[in-house]
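Each remark here refers to the structure printed beneath this line.
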Amino acid sequence: MKLSLREKLMVCLLVWVVGIYLFYNYAYTPVKNQATDWVQKNDVLREQLISAREIDNNIKGLENSRQNYQEKYTDLARQVPSAEYMPEVIDFVEQTAADSGLDLVLFNYEKDAGTQSSGGSNEKPETGAGAGSIIFDLTGRGSYYDIVTFLESLQEAPRIYSVTEVALLAGQRKIQMPEAVQEGGASPAAGAELNGVSAFDPDDIMLSLKFKAYYDGKIIPGVTEVDNRVEPVSSQRDNPFAP
Amino acid sequence: MLIFYFNQVERVSLEKRQYHQLQQELLRYGPSQAAINLNRDMKKQLDEKSRQVDTLKLQGMPLTIILDDIEQAMPEGGRLVNLAAADNKITLKGYTSNFSSAARLVVSLQQSPRFQDVAVLNLQREEESGKVMFSLEMVWKKGDKI
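Chains as they are written, first to last, in my numbering: chain A, 2 to 244; chain B, 91 to 236.
Below is the structure:
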C-alpha cells in the first residue's frame with residue numbers, strides 16, 4: 002500500500018492523538034487519582050493526630066474526671082446495687098433494729114410478683130426506673146422513740162429503702178390500771194391521762210413494716226457496692242442439730 | 091507528558107511513606123483515645139444511674155415526716171392506738187379527751203400541707219373512761235417528698 006505524504010502525516014497524527022489519549026486515560030489519570038486519594042487519607046490522619054496530641058496533653062484531666070465519675074458511681078451503686086444483696090439487708094436491718102432498741106420479731110423476704118412468675122434469681126421486675134425490687138416485711142416492737150429512730154436509720158441508710166406499708170399498733174401488752182401507775186409513782190400525770198384507756202401501753206408499740214429495696218443488674222469494674230459483706234460460715238460442726 | 095506522569099508516581103510514593111509514618115505516630119496515642127472512650131462510657135452510665143436513683147428516691151413514703159406531722163397535730167390528752175398507711179392512704183385510730191379535741195385534731199391534719207381529704211370515720215365516747223375514740227382517714231400527697 003502506497004500512502005501519500007499527506008496521508009502518512011495524517012496517520013502519524015492519529016497515532017499520536019490515540020497514544021496521548023490512551024496514556025492519559027490508562028496511565029496518567031489512575032496515578033493522579035491514586036495520589037489524590039493518598040493525600041486525602043493523610044489529611045484525615047493528620048487531623049486525628051492533632052486531636053490525639055490534644056487529648057494526650059489533657060490525659061491527667063481525663064484520669065481525674067474518670068476517678069470522679071467512679072466515686073460518684075460508687076455512691077449511686079450503694080443506693081441501688083447491681084444485685085439483691087439480701088443477706089446484707091437482713092444484717093443491716095437487724096443491726097439497725099438493735100441500735101434503735103427495736104425488738105425485731107419477724108422478718109420476711111419476698112420476691113416481687115414479676116420475679117416470682119418468671120423464676121430465676123437474676124430477673125428484675127420493672128419499677129419504672131430500670132431497676133428490680135425486692136420486698137421485705139418486718140414486725141417489731143418497741144417504744145415510739147425506738148420505732149422513729151429505726152425508721153430514721155432506715156431512711157438514712159446508704160441503700161434506698163422505700164416504705165410501702167406501715168402499721169403501728171399500741172397496746173399489745175396490757176399494763177396495770179391507773180392505781181398501779183400512781184402507786185409506782187412513775188408518771189402520775191400520764192396515769193391520770195390514761196384514765197379509762199390505760200389498758201394500752203404507749204411504750205409497747207407493734208410495728209409492722211413493708212419496704213422495698215432495689216437492684217439493677219448493672220455493674221462497672223472497681224465499684225464497691227456494699228461495705229459490710231456477710232461472710233459465709235466456716236465452722237466444722239459434726240452435728241448441725243446439736244446446739 | 092512523561093514528566094507529569096513520573097511526578098505523580100513520585101507523589102504517590104511520597105504520600106504512601108507519609109501515611110505509614112502518620113499511622114505509626116497515631117498508634118503511640120492509642121491509649122489516649124481508649125481513655126476518652128472509657129470516660130465517655132462511664133459518664134453515660136453515671137448519668138443513667140443518677141436518673142434511676144433520683145426516680146427511686148421518690149418512691150415510698152417519708153414516714154418520719156408523716157409521723158412528725160401527726161405528732162404536731164395531736165391535741166393535749168389525746169393518743170394514738172393505731173396508725174396504718176399503705177400506698178398513700180393513712181388511717182388513724184385513738185382517743186381524745188372530748189369531741190372538741192377530736193375536731194381540733196382533724197383541723198390540724200387538714201392544715202398540714204402533706205395531707206388532704208382528712209375524713210372522720212367514727213367518733214364515739216367510751217362509757218367507762220369518758221374518752222372519745224376517733225377513727226380518721228386521710229390521703230398523703232404523694233408528690234410531697236422529703
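Positions of the beta carbon are idealized from the N, C-alpha and C atoms, including for glycine.
- The segment 173-185 of chain B makes contact with the segment 215-228 of chain B, as at least three CB pairs between them are under 8 Å.
- For B/L157, the closest Cβ of chain A is nearer than 9 Å.
- Looking at A/Y216, A/G133 and A/I56, the one whose alpha-carbon comes closest to that of B/P121 is A/I56.
- Here A/T150 has S101 as same chain residues with Cβ atoms under 6 Å from its own Cβ, once five neighbours each way along the sequence are excluded.
- Chain B has no Cβ within less than 9 Å of the Cβ of A/P233.
- Residue range F189 to Q201 is occupied by the alpha helix (DSSP H) that includes B/S191.
- For A/G131, the chain B residues whose C-beta falls within less than 7 Å of its own C-beta are Q142, listed in chain order.
- Residues of the segment 159-173 of chain B with a C-beta atom less than 8 Å from some C-beta of chain A are G167, R169, L170, V171, N172 and L173, listed in chain order.
- For B/R101, the chain A residues whose Cβ falls inside 7 Å of its Cβ are A36, in order along the chain.
- Relative to the Cα of B/Q206, the nearest Cα in the group B/H110, B/K231 and B/T145 belongs to B/K231.
- At a cut-off of 9 Å between C-beta atoms, A/N43 counts as an interface residue with respect to chain B.
- Taking all protein chains in view, the Cβ of A/A36 is crowded by 16 or more other Cβ atoms within 10 Å, so the residue is classified as buried.
- By the rule that beta-carbons nearer than 9 Å mark a contact, B/N212 does not touch chain A.
- The closest CA to that of B/Q142, considering only A/R79, A/K42 and A/N58, is found on A/R79.
- Membership of B/Q206 in the beta strand (DSSP E) is indicated by the continuous run F205 to R215.
- Between A/I206 and A/R160, the C-beta spacing is not below 9 Å.
- Burial state of A/Y215 is buried, judged by a 10 Å Cβ sphere holding 16 or more other Cβ atoms.
- The three-state reading of DSSP puts B/N178 in coil, since its state is none of H, G, I, E or B.
- Counting C-beta pairs closer than 8 Å gives fewer than three between the segment 227-236 of chain A and the segment 3-20 of chain A, which falls short of the contact rule.
- Counting only residues of its own chain and dropping the five nearest sequence neighbours on each side, B/N178 has a CB closer than 6 Å to the CB of V229, W230 and K232.
- If you draw a 10 Å sphere on the C-beta of B/R169, you find 16 or more other C-beta atoms in it, and that means buried.
- In the DSSP assignment, A/G141 is bridged to A/L105 and A/L208.
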